[in-house]
Each structure stands twice: as structure tokens, then as C-alpha cells.
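Novice:
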Amino acid sequence: MRVNFFSFRKSSFIFVFLFLLQFQLIKASENKSDSTKLSELWKSAIQNNRNRNHYAALEDYSKALDIAPKNHLLFYNRGLTYANLQLLTQAINDFNNSIKIKPDFGPGYGDRGMAFYDLDQKDKACADFKKAADLEYKLAVSWINDSKRNSWCIK
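For reference, each letter of the sequence shown is one residue, going 370 to 524 in the working numbering.
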């Protein structure tokens, strides 16, 4: 019996192509599944925060970050949740991560500034408020422009 190598190579190529296609389809369904799970966790975290169940929200955000570790908004929102619980060091860490991922994210600077302010680290707070205002974060702009609140920062 004679083996036709061209036919064998062609069938091998088709087999490998179908295998890779199947792998890509599996990967795509995993990504869709991850996307669905991420969406569910995000909604749950928001609802838990609304219900003042902040520890459950922290758990949801942490699980979501396992799926999407480069999502600056997840870090930011978890930071806000830590701040609501007065866990300011953890909040600052999450705001730092949010800023590291997206350096032009004004709310990250503004809320990190608030955490620094609450920790009586006014120099760091002032620098963050100014940076947030430079990035046109409206809350920081209004704060910087309010002479009743900014006297310790604007010199």
C-alpha cells in the first residue's frame, strides 16, 4: 500500500486547523462566560453597596478582579467601598492600582486625595486634588475653586 504524503499532510493540516478552531471557540465561550460572570459580580457589588452590605460588595469586586485584573473601574469602586468602611489604607491601595492602570483617571486621584485628607496627610491630599482638577474631575475642580474648603491647600 502506497501512502500519499500530500494527502496525509493535507489531512494533518485540516486536523490541526479544526483543532485550533475548536480551541478558539472554547476560548471564546470561556471569555463570554467570564464576561457574563463579570457583569453579574459588578451588578451584585453595586446592589450590595446600595444595601450597605459593603463586605459582600468587597467580595464581589475581588472576585471580579480575579476575572479582569486590569480593570481600573473595579479597583476604583472597591477602593470607594473600602473608604465607606473607613479602611483607608486599603482604599488608597486600590486607588493606586486604578491610577496605575489608567493614569489619566481623575476620580482615582480625587478619591485618593480624600482618603489622604482623612488620614491627615494633607500634602498628599492637596497634590491629588490638584492632579484630579488638572484632569478636569468636576468634583475636584469645584473643591479647588471653593475658597472655604481649599485654604489649606492653595498657597
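Ideal Cβ positions, reconstructed from N, Cα and C, are used throughout, including at glycine.
Fair warning: this is a prediction, and the values are worked out from it, not measured in the lab.
Quick one: what's got a C-beta closer than 7 Å to D487's C-beta in the same chain, skipping five residues either side?
Specialist: Sequence-distant partners of D487 (beyond 5 residues in either direction) whose C-beta falls short of 7 Å from its own C-beta, in its chain, are L457.
Novice: State the DSSP-derived secondary structure class of F444, mapped to helix, strand or coil.
Specialist: helix
Novice: Between which residues of its own chain and D429 is the CB-CB distance below 7 Å, once the five residues before and five after are set aside?
Specialist: L410, S413, A414, N417
Novice: Span of the alpha helix (DSSP H) holding C495?
Specialist: 491 to 503
Novice: Please report how far the alpha carbon of C522 lies from the alpha carbon of K491, in whole angstroms.
Specialist: 8 Å
Novice: What residue range is occupied by the uninterrupted alpha helix (DSSP H) comprising Y424?
Specialist: 423 to 436
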